[in-house]
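Everything below concerns the one structure shown next.
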Amino acid sequence: MNSIKNTVKMTYREAVREAIREAMRKDERVFLMGEDVGRYGGCFAVSKGLLEEFGPERIRDTPLSESAFVGAGIGAALGGMRPIVEIMTVNFSLLAADQILNNAATYLHMSGGLFNVPIVIRMSTGGGKQLAAQHSHSLEGWYAHIPGIKVLTPATLEDARGMLWTALEDPDPVLIFENNTLYNMEGELPVDAGALDIDHALIRRTGTHVTLITYGASLFKSLEAAEQLSKEEIQAEVIDLRTLRPLDHDTFLKSISKTHRAVIVDEGWRSGGISAEISARIMEGAFYDLDAPVERICGAEVPMPYPRHLEEKALPQVETIISTVRRMVKSNG
Amino acid sequence: MNSIKNTVKMTYREAVREAIREAMRKDERVFLMGEDVGRYGGCFAVSKGLLEEFGPERIRDTPLSESAFVGAGIGAALGGMRPIVEIMTVNFSLLAADQILNNAATYLHMSGGLFNVPIVIRMSTGGGKQLAAQHSHSLEGWYAHIPGIKVLTPATLEDARGMLWTALEDPDPVLIFENNTLYNMEGELPVDAGALDIDHALIRRTGTHVTLITYGASLFKSLEAAEQLSKEEIQAEVIDLRTLRPLDHDTFLKSISKTHRAVIVDEGWRSGGISAEISARIMEGAFYDLDAPVERICGAEVPMPYPRHLEEKALPQVETIISTVRRMVKSNG
Amino acid sequence: MNAGQTPEPIHMARERDHNHHMLYQMLLIRRFEGKCAELYSSMKIRGFMHLYDGEEAVAVGVMQSLTADDAVVATYREHGHALARGISACSIMAEMYGKREGCSRGRGGSMHLFDDKTRFFGGNAIVGGGLPIAVGLALADKVQKRPRLTCCFFGEGAVAEGEFHESMNLAALWQLPVLFVCENNLYAMGTALALSESVTDITAKAAGYNIEAEAVDGMDLSAVEKAANKAASRVRSGKGPVMLECRTYRFRAHSMFDPELYRAKSEVEAWKGRCPIASFIRLLKEKGMLTDTELHEMEERIAIEIDDAVAFAEAGMWEPVEELTRFVYSDRRTE
Amino acid sequence: MNAGQTPEPIHMARERDHNHHMLYQMLLIRRFEGKCAELYSSMKIRGFMHLYDGEEAVAVGVMQSLTADDAVVATYREHGHALARGISACSIMAEMYGKREGCSRGRGGSMHLFDDKTRFFGGNAIVGGGLPIAVGLALADKVQKRPRLTCCFFGEGAVAEGEFHESMNLAALWQLPVLFVCENNLYAMGTALALSESVTDITAKAAGYNIEAEAVDGMDLSAVEKAANKAASRVRSGKGPVMLECRTYRFRAHSMFDPELYRAKSEVEAWKGRCPIASFIRLLKEKGMLTDTELHEMEERIAIEIDDAVAFAEAGMWEPVEELTRFVYSDRRTE
Ligand SMILES: Cc1ncc(C[n+]2csc(CCOP(=O)(O)OP(=O)(O)O)c2C)c(N)n1
Ligand SMILES: Cc1ncc(C[n+]2csc(CCOP(=O)(O)OP(=O)(O)O)c2C)c(N)n1
Ligand SMILES: [Mg+2]
Ligand SMILES: [Mg+2]
C-alpha cells in the first residue's frame with residue numbers, strides 16, 4: 115500500500131525518537147532529561163543515539179531523583195527552557211506526584227497568570243509485559259483528574275510522532291503516556307510527518323451499531339474486535355481519545371447520537387478511572403440517545419500479578435470486547 | 115433532645131481524639147505518628163493532650179519526611195504494630211504517594227497473601243478555609259481509584275468517633291479523610307459511642323423525589339438543601355457514602371429505584387472524581403430506573419484560589435443543589 | 366545637619382544610605398507584619414499566614430547580594446522576602462486581601478506571592494517544594510549561559526524532606542548557580558530541630574554533597590550581608606552552589622493558629638533581646654550613622670507606606686466570579 | 366581423608382563447615398542465576414529480571430550476621446539474598462515461573478520474592494522504596510522491645526533518592542536497629558556513580574546523619590562477613606543504625622534488556638578477575654580447607670538442587686484465573 119517513496123517504515127519507539135530529534139533540532143530550548151536517557155540509550159531505548167547527536171547537556175542523564183528532576187524540569191521551564199522530562203515507568207512518577215500536582219499544575223493559577231510552565235513529561239505506562247505490581251499500571255486516567263495539566267496518550271505512530279511538538283508548543287504542562295507494549299509496533303510514516311493537533315479525539319473506524327471509546331494500547335484491541343464483529347454484520351465505530359485531559363467529549367457524544375450504544379475500553383483500573391468520567395459525560399450529554407446503558411471494559415482492580423495468564427485476564431481482551439458488544443447489540447436491537 | 119444524661123457534647127475534632135485515645139488504651143500496638151502530633155498538639159489540634167497521656171513513644175512527632183514516615187508506618191504494620199499515621203493535609207500526601215500506592219496497596223498482592231499491611235493513614239482534606247492552591251484539595255475520591263486500600267470519609271461525629279477503630283481492626287491499609295471544615299462542628303455523642311461499620315453507606319434523610327449522593331462536608335450542604343426543598347414539597351433522600359472504596363453502590367441504586375433521579379454532590383474536582391464513578395455505576399446498575407440523567411455538582415476544576423468569593427464559587431453550595439434538584443424534578447415529573 | 370562640620374566623605378555617605386536602606390527594609394517588614402497580624406484579627410486577611418518578625422536580617426541581608434536578574438524562590442513565610450526583593454507593599458497587601466491588584470492577582474494570598482518583574486517565583490507552601498524549582502531555574506541559566514544565580518530560601522524543617530537531599534545533590538553534581546539559604550529558626554511548627562534531625566548542624570549536611578557551606582548569625586544584619594556577598598560571588602564564579610545557614614528565630618507563633626506549647630516564654634524573650642533591628646539601630650547610632658530624628662522620620666515614612674498599602678488593598682477590586690477558572694490553562698496557545 | 370594424620374581440631378572443623386556452607390551458597394547463587402538466564406531465553410521466566418553474578422559475597426557475607434528473627438528487606442536484584450536467607454531454590458524458581466508454589470504464590474515474580482518464615486519482606490522494585498519499610502520494621506522491634514534487627518539492602522543508585530535521606534535520618538534520630546547495606550556496584554542501570562552523586566563516597570553520606578559507616582571490599586567474602594558481624598553487633602547494642610558499603614560489581618548486564626553501552630568490556634573483565642567465588646575457593650584451598658573433590662561434589666549437589674528447583678517449578682500449578690483479584694484485600698476481616 116505504502117509503496118509510494120515518501121513513507122518510511124519505523125517503530126513507535128523510533129517515531130517518538132524522531133519527534134524528540136526534530137524538536138531538539140528546531141528549538142535550542144528543548145532538552146531531554148531523565149534516568150538513563152543518555153549513555154544507556156533510554157530504559158526502553160527511545161533515546162538511543164540522541165546523546166551522540168546532541169551531547170550530554172541536552173540529553174541529560176539524571177540520578178535516581180524523580181521528585182527533584184521533575185521539579186528541576188518545572189524550574190527550567192520557568193527559566194525559559196522547553197524541557198522534555200522522561201520518567202521511566204508510570205509507577206515511579208508517584209515519587210514526583212507532589213511536583214506534578216502541587217507545582218506544575220498550580221503555578222499558573224496561584225501566580226495569577228504570571229508564570230506558566232511549558233514542560234513535557236513523558237513516561238511509559240501499562241501492563242502486558244509481566245512486570246508485576248510495581249511497574250505495570252495505567253495511571254494516565256488518574257492523572258487526567260488534575261486541572262492545570264494536559265494528558266496525552268498517543269496510540270499510533272502518527273501520534274507518537276506528531277503530538278510531542280504540539281505538546282512542547284503548549285504553554286502549560288503536558289504529560290505524555292506511552293504504552294510500553296506499543297514501542298515495538300511497526301508501521302509506515304510519511305517522511306514529512308509532523309506536528310498534530312492534541313485537542314481532538316479521532317474516529318479510527320466508522321460504524322453504526324455501537325461506539326467503542328478507547329485510547330492507547332486498547333485502541334488496537336478495539337479495532338481488532340470491530341474487524342471481527344463486522345463479519346457478524348455488527349459495525350462498531352472506534353474512537354481514539356488521544357488526549358484524556360481535556361477530554362474531547364463532543365466526538366464521542368456525536369458518535370453515540372448515531373449508534374445509540376457505547377462501550378468504553380480502558381486498561382486502567384475501573385473505579386474512578388477515565389472510563390468512569392466518559393460514562394458520566396455520556397450520562398450527562400447523551401442520555402436520551404442511549405438504547406442501552408454504557409458499559410465499561412477495564413483493567414481488573416488488582417495490583418498487577420506477574421504470571422502471564424493472570425495478567426492477560428487482568429487486561430481488556432478482544433474476546434471480551436466482542437462478547438460485550440454482541441450481547442449489547444443483540445439484546446435490544 | 116439529648117437531655118438524657120448519657121450523651122456528651124463535643125466537636126468533631128474531639129470525637130476523632132476520643133477515637134484515637136480509646137484505640138490507644140485498648141491496644142498496646144496502636145500508636146500515632148506524624149508531624150507535630152505531639153508537642154504542638156496536632157496541626158488541627160486533634161491530638162492535643164495525647165502526648166501527656168501516652169508519652170512520646172506512642173504519640174510520635176516526626177520530621178518533615180512524608181515518604182519515610184508513611185513508609186515507616188507500613189513497615190511498623192508489617193512488624194506487628196497498628197500505626198495511625200497522620201498527614202497534615204491531603205496535598206502533602208503526594209510526597210508519600212509512592213509508599214501508599216506502590217507499597218501499602220500492593221504488599222499483600224505481590225507477596226501472594228503473605229504480608230498484609232494494617233495501617234491507618236489519616237489526613238485533613240477539603241477547601242473552605244482560604245488555604246489556596248497547595249492546601250485545599252479534596253483528593254479522597256482520587257485515592258479511591260487504588261485497589262488494595264480502603265478510603266473512609268467520616269462526616270458525622272458518630273463516624274469520626276466510630277470508624278477509626280474498625281479501620282484499625284481491618285487487616286488492610288485504610289485512609290481516613292477528615293474534612294477540615296468539620297473539625298469545629300459540635301454535636302452530642304452517646305457516652306458509650308463506639309466502633310461502627312465501615313462498609314456501608316447510610317441514608318441520612320429519606321425522600322421520594324430525588325436521591326442526593328454525597329459524603330464529607332457536602333453531606334451537610336445536601337441535608338440543608340433537602341430541608342429547604344421539603345418546603346417546596348420536594349422530598350430528597352440523602353445518602354452519605356461514608357466509604358469511597360469499596361463503594362457501596364447497593365444503597366444508592368436501591369434508593370434510585372424509588373426516586374428515579376439522582377444528583378451527586380462532591381467537592382472534589384469533577385473530571386475523573388468519585389462523582390464520575392458513582393454516575394457510571396448508576397448507568398450500569400439503574401439505567402432503566404432513571405427518569406432523568408444523573409447530574410453532578412462538584413468542585414470547580416481549578417487549583418483552589420485564595421479569595422473567599424472565588425473559593426465559595428469553586429465549591430458546591432446549597433443554592434446550587436436546590437436549583438439543580440428543582441430543575442430536575444420539575445422538568446420531568 | 367552636619368552644618369559647620371567638614372563634609373562627610375562620599376563613601377561614608379554611601380554607606381550611610383545603604384545602611385538606612387537596609388534598616389528601612391527591616392523596619393518596613395516588621396511594621397508590615399504587625400499590620401498583617403492586625404488585619405488578620407479583623408478578618409481582612411484569611412487562610413494560613415506566617416509572619417517573619419525576628420528574621421528580618423536574613424531576607425534583607427541576603428537580598429543585598431542579588432542583582433535584578435537573579436531569581437528568588439521562597440516559602441510560605443515570604444512577606445519579608447517579597448518586600449526586600451522590591452515588590453511593592455501595595456501589591457503584597459492587596460494580595461493578602463485577595464484583590465486582583467495583588468501581586469498574584471489575589472489568587473495566591475499570603476503563602477503565594479509572585480512577581481515576574483523581580484523574578485520572584487513564590488511563595489511555595491509545600492515544605493521543600495521550592496528547592497527543585499530553584500535547581501531548574503539555575504539549570505536554565507547555566508545552559509543558556511546567562512550570568513545569573515537563583516537564591517532559594519527554606520526553613521531548617523525542610524532539611525528532613527527528601528527533596529532537600531535530591532536538590533542539593535543535583536545542584537552540586539551539575540555545578541549549578543544556586544544560593545541555598547537555610548533560615549534556621551530552630552523550629553518547624555512545634556518541632557525543635559533536635560527532634561527532626563539526627564545531626565543538627567545544617568552545614569554538615571552540605572559536606573555530604575561537596576557544597577561549600579557557612580553558618581552565620583542570622584540576627585546580625587551586617588554578618589548576613591557579608592556572608593551572602595561572599596557566597597553569592599562564589600556562586601557567580603561558576604563553581605556550583607553554596608549554602609548559607611542563617612541562625613535566627615521567629616518571635617511570633619508559627620502561624621495564626623499556634624498556641625505555642627512547644628517552647629518556653631523565656632526562650633522567646635531571650636531571643637527577642639537579640640532583635641536584629643534593635644541591634645542594627647544600636648550599631649548605626651554608635652557609628653554616628655543614625656539619629657533619633659532620622660529614625661523617627663523613617664518610621665513615619667514606613668507608616669505612610671503601610672497605610673498606603675492598606676488603602677490600596679481596600680480600594681482593590683475582586684476578581685469577577687466568572688473568571689474563577691481562568692489561569693488553570695494559559696490564555697494564549699503558544700509563544 | 367586425613368587418615369594417618371592427627372585429627373583436625375573441632376574449631377577447625379567448624380570453620381571448614383562454615384566456609385563450605387558459605388561457598389555453597391555463593392556457588393548456588395551463581396549457578397542459579399545462570400539457570401535463570403537460560404530459562405529467560407527459553408521464555409520460562411518473563412518480565413524484568415536482574416541477576417546477581419559477581420555480588421554473591423555481599424548477600425552471603427552479610428546474611429551470616431543475621432539471626433532467624435531478624436528481618437530482611439531487599440531490592441529487585443534479590444535472588445541471591447533470598448537464597449542466602451534460606452528460602453528454598455524450589456520456591457524461588459517456582460516464583461520465577463509464576464507458579465502458585467512460588468514463595469509469593471507466583472504473583473510477584475523475579476522482583477518480588479517474599480517469605481514470612483525467614484522474615485523476608487521483598488523484593489521491592491521501586492528504587493529506595495524499601496528503606497522506609499525497613500525503618501518501620503525496626504521501629505516495631507524497638508518499641509516492642511524485641512532484640513532483633515532489620516537488614517536493608519539497596520544499590521548505590523538508591524542513594525540519590527529522597528527516601529534514602531529521609532530513612533537514614535529517621536533511623537538515626539530514633540536510634541533504630543537497622544543495618545543498612547549499600548551494594549555499591551558502581552552503576553545504576555547505565556549511570557555511573559560519578560554521574561549520579563556529587564560525592565561518590567557513600568560512607569560520607571552517613572556522616573551527615575551521625576551513622577557509623579564502613580566500606581568493605583564486597584568481592585572478599587571474609588571481609589564482608591567480618592564487617593557485617595561487627596556492624597550487626599553494634600546495631601544490636603542499641604546504639605542505632607549502621608551502614609555498610611560493600612564495593613562490588615555486577616558481571617552481567619543490568620537486566621535482560623541491557624545492551625551495556627555504558628561500560629567498557631575491559632572494565633568488566635578486570636572485575637571478573639576479582640570474582641568473589643574464585644578468590645574464596647583459592648583462599649580455602651590455600652588454607653587446606655577445600656579439595657577439588659569437595660568442590661566437585663559441591664557443584665554436583667548444587668546442580669541437583671537447581672535441577673530439583675526447575676522440576677519443582679515445572680510441575681507447579683497455575684493460580685486459577687478465577688482467583689485473579691484475590692489478595693487485593695485480605696481474606697480474613699480482623700485478627
Ligand atoms: C510537605 C509539607 N509538610 C508539612 C507542611 C506543614 N507545614 C507548614 S510550615 C511547617 C514547618 C516548616 O518549618 P521550617 O521549614 O523550619 O520553616 P519555618 O516555618 O520555621 O520558617 C510545616 C510542618 C507543609 N506545608 N508541607
Ligand atoms: C524509583 C525508581 N526509579 C527508577 C527505577 C528503574 N530502575 C530499576 S533498577 C535501576 C538502577 C538502580 O541502581 P542501583 O540502586 O545501583 O542498584 P543495582 O541495579 O545496581 O543493583 C533503575 C534506574 C525504579 N525501579 N524505581
Ligand atoms: Mg524553622
Ligand atoms: Mg548499582
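Going line by line, the protein sequences match chains A, B, C and D.
Add 114 to a position in the first sequence, counting from 1, and you land on the number used in the numbering used here.
Add 114 to a position in the second sequence, counting from 1, and you land on the number used in the numbering used here.
Add 365 to a position in the third sequence, counting from 1, and you land on the number used in the numbering used here.
Add 365 to a position in the fourth sequence, counting from 1, and you land on the number used in the numbering used here.
For every residue, glycine included, the Cβ atom is placed at its ideal position computed from N, Cα and C.
Look at C/Tyr614: its C-beta is not under 8 Å from any C-beta on chain D.
In the DSSP assignment, B/Met124 forms a beta bridge with B/Gly301. Separation of the CB atoms of A/Val130 and A/Glu292 is rounded to 6 Å, and the pair is thereby assigned contact status at 8 Å. Taking A/Ser332 as reference, the option from A/Asp273, A/His314, A/Glu346 and A/Gly382 with the minimal CA-CA separation is A/Gly382. Here the distance from the Cβ of D/Gly522 to the nearest heavy atom of ligand 2 is below 7 Å.
Residues of the stretch 562–592 of chain D that bring their beta carbon within less than 8 Å of a beta carbon in chain C comprise Glu562, Ser563, Val564, Ala569, Lys570, Ala572, Gly573, Tyr574, Asn575 and Ile576, in sequence order. Excluding residues up to 5 positions away in sequence, Ser238 and His249 lie with their Cβ nearer than 6 Å to the Cβ of B/Thr203 in the same chain. For the stretch 240–257 of chain A, residues whose beta-carbon sits nearer than 8 Å to a beta-carbon of chain D comprise Lys243, Gln244, Leu245, Ala246, Ala247, Gln248 and His249. Listed along chain C, the residues sitting closer than 9 Å to B/Asn205 by beta-carbon distance are Ala490 and Ile491.
Under the DSSP definition of a beta bridge, C/Tyr552 partners with C/Ala557. Remark: C-beta atoms of D/Ala536 and D/Ala503 approach each other more closely than 8 Å. Judged by DSSP in its simplified three-state form, D/Thr432 adopts coil rather than helix or strand. A/Pro287 has its alpha-carbon roughly 10 Å from the corresponding atom of C/Ser695. In this structure, D/Leu660 is the residue among D/Leu660, D/Val693, D/Lys464 and D/Glu688 with its C-alpha nearest to the C-alpha of D/Asp382. By the Cβ criterion, the stretch 613–633 of chain D is not in contact with the stretch 446–462 of chain D, since fewer than three pairs of Cβ atoms, one from each stretch, lie closer than 8 Å. Distance from the CA of A/Arg359 to the CA of C/Ala593, rounded to the nearest whole angstrom, comes to 45 Å.
Contact annotation: in the stretch 210–225 of chain B, residues whose CB is within less than 7 Å of a CB in chain A are Ala211, Asp212, Leu215, Asn216, Ala219, Thr220, His223 and Met224. Rounded to the nearest angstrom, the Cβ distance from D/Ala490 to D/Tyr441 is 4 Å, consistent with a contact under 8 Å. For A/Glu292, the distance from the CB to the nearest heavy atom of ligand 2 is not below 7 Å.
Spanning the alpha carbons of C/Lys507 and C/Phe518 requires a straight line of approximately 20 Å.
In the structure shown, B/Asn216 falls within a helical segment according to DSSP collapsed to helix, strand and coil. No Cβ-Cβ contact shorter than 8 Å links C/Met554 with B/Asp403. Between D/Glu610 and chain C, the shortest Cβ-Cβ separation is not below 8 Å.
When C-beta distances to chain A are compared with 9 Å, the residues of the stretch 433–456 of chain C below that value are Ala436 and Val438, in chain order. As DSSP reads the structure, D/Phe692 sits in no beta bridge. The three-state secondary structure of A/Ser238, taken from DSSP, is strand. Around the beta-carbon of C/Leu544, 16 or more other beta-carbon atoms lie within 10 Å, marking it buried. Ranked by Cα distance from B/Thr325, the options B/Gln349, B/Ala309 and B/Glu341 are led by B/Gln349.
Distances taken from the Cβ of A/Met224 to the heavy atoms of ligand 1 include none shorter than 7 Å. Contacts with chain C at 8 Å (Cβ-Cβ) include B/Gly155. Counting along the chain, no alpha helix (DSSP H) covers B/Ile348, and no H or E run does either. Listed along chain C, the residues sitting closer than 9 Å to B/Glu415 by beta-carbon distance are Thr690 and Val693. Nearest neighbour of D/Phe622 by Cα position, chosen from A/Ser161, A/Ile198, A/Pro232 and A/Cys157, turns out to be A/Cys157. With a threshold of 16 other beta carbon atoms within 10 Å, C/Lys400 meets it and is buried.
Along the stretch 145–191 of chain A, the alpha helix (DSSP H) occurs as fully enclosed runs of 4 or more residues at 164–168, listed in sequence order. Under the 8 Å Cβ criterion, the stretch 470–490 of chain D counts as touching the stretch 409–421 of chain A, having at least three qualifying pairs.
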